[in-house]
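Residue numbers (this note's numbering): 23 to 117.
See the structure below:
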């Protein structure tokens, strides 16, 4: 699933998406967001529904509605269960 996500700096200062598995989609990146291809198994059903309802075609057009905090929490919990972490490690943000 192609999703526009916020970029975060890792400990070495490199920008990345806060997800365990993704592939960058070639696009004119900015310093705050990127288009990424996330495996469908890593996307919770409610996040997939939100992304399908509000598709983004570029990195500059704002979402018509903000990404809800409860969806961000749901996605983090989904990833924690999927990777058997017990606590949420990743906190992806659709942007």
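Every residue, glycine too, gets a C-beta built ideally from N, C-alpha and C.
What is the residue span of the beta strand (DSSP E) that residue i lies within?
| i | result |
| --- | --- |
| residue 57 | 55–59 |
| residue 8 | The requested residue 8 does not occur in the structure, where the chain is confined to residues 23 to 117. |
| residue 116 | Counting along the chain, residue 116 falls outside any beta strand (DSSP E), and DSSP gives it neither H nor E. |
Would residue i be called buried (16 or more neighbouring beta carbons within 10 Å of its own) or exposed?
| i | result |
| --- | --- |
| residue 79 | exposed |
| residue 2 | The structure shown does not extend to residue 2, since the chain is modelled only from 23 to 117, so the question has no answer here. |
| residue 74 | exposed |
| residue 46 | exposed |
Return the bridge partner residues of residue i from the DSSP annotation.
| i | result |
| --- | --- |
| residue 30 | 38 |
| residue 46 | 58 |
On a Cα-Cα basis, can you pick out the residue from the options that is closest to residue i?
| i | options | result |
| --- | --- | --- |
| residue 26 | 85, 43 and 113 | 85 |
| residue 103 | 88, 116 and 42 | 42 |
At which residue ranges does the stretch 67–95 contain complete alpha helix (DSSP H) runs of 4 or more residues, listed in the order of the chain? 67–75
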